[in-house]
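Heads up, the final residue of the sequence shown is numbered 364 in my numbering, and it's a clean run with no missing numbers. Beta carbons: idealized from backbone N, C-alpha and C, even for Gly. Worksheet: the structure to be examined is printed underneath.
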Amino acid sequence: MQLGGLTGVLYKICDWIMKFAYVNLLWLFFTFVGLIVFGIMPSTASLFTVIRKWIMGQDDVPVFKTFWNNYKTSFIKINIIGIILFVVGMVLYFDYYYFKGMTGALSNVLLVVMLMITFLYLLVLLYIFPTFAHFELTILRYFKYSIILAISNLLSTIMMIAGAIIVYFLFRMVPGLIPFFGGSVLGFVLMWAAYRGFAKIERLREAKEEEEKEKESQMKVEA
């Protein structure tokens with residue numbers, strides 16, 4: 142039954158509120174199912190997969206089935222990515238304090254290099270889940286694509302950072318909403334901004350392919 146007017150608008154708003162709360166509770170539940178350490182990565186990847194489908198217009202996607210299937214199939218792969226991120230993060234953390242305690246020109250150079258690597262690391266953290274949800278790649282390519290996409294889509298990257306900051310202050314003002322919407326709202330903001338960049342790249346690629354096809358057709362006609 143289709144509802145129109147104000148009633149229809151209110152129904153859609155309530156429906157989306159319930160969807161966001163539901164997928165957020167699934168995210169929390171399956172994080173604990175994996176004993177947190179092994180659950181946070183596949184649970185977050187599944188959260189982004191569901192949100193990506195919503196952004197693509199698949200409003201009626203079966204949330205639990207989609208979430209659970211992705212959780213199972215991506216469990217090992219995304220946990221390997223998580224281990225790599227954790228190890229690199231720890232190395233950067235200890236290197237920072239090590240180089241900070243050193244003196245001399247060489248230590249300053251090493252500190253600058255380390256900060257540049259840290260910047261790239263943060264870009265990977267920002268893009269790894271949207272990239273994982275959108276592309277089917279090898280493990281190492283997810284890191285490469287995350288950096289390339291972050292740098293080549295500066296507007297999307299800025300939107301992701303700004304959106305994350307807004308979400309942070311929003312939940313800081315109303316912390317009671319975090320258990321119900323913390324992960325899903327932040328995930329939506331990041332996935333929405335990243336998807337804009339993904340779609341732009343795909344449009345440019347398709348336009349380039351069409352242009353190449355037209356050139357090939359013209360060459361055949363001239364021949």
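The beta carbon of M301 sits closer than 6 Å to those of L267, L331 and A334, all from its chain and outside the five residues before and after it, given in chain order.
DSSP places M300 in the uninterrupted alpha helix (DSSP H) bounded by L295 to M314. C-alpha of L263 to C-alpha of K354: approximately 39 Å in a straight line. Shown here, G324 sits in a helix according to DSSP, grouped into three states. In the DSSP assignment, F273 falls within the unbroken alpha helix (DSSP H) covering A246 to H275. Taking the Cα of A340 as reference, the smallest distance to any Cα among L261, D200, V250 and N294 is reached at N294. Per the coordinates, the alpha-carbon of A348 lies some 40 Å from the alpha-carbon of V253.
For a cut-off of 8 Å, the C-beta gap from F276 to A186 is around 12 Å, too long to register as a contact. In this structure, the alpha-carbon of L251 lies about 35 Å from that of I177. With contacts defined by Cβ atoms closer than 8 Å, L169 and P271 do not form a contacting pair. For P203, the secondary structure class from DSSP, reduced to helix, strand or coil, is coil. The alpha carbon of S287 has as its nearest neighbour, out of F240, A303, F312 and F260, the alpha carbon of F260.
The beta carbons of F312 and A162 sit no closer together than 8 Å.
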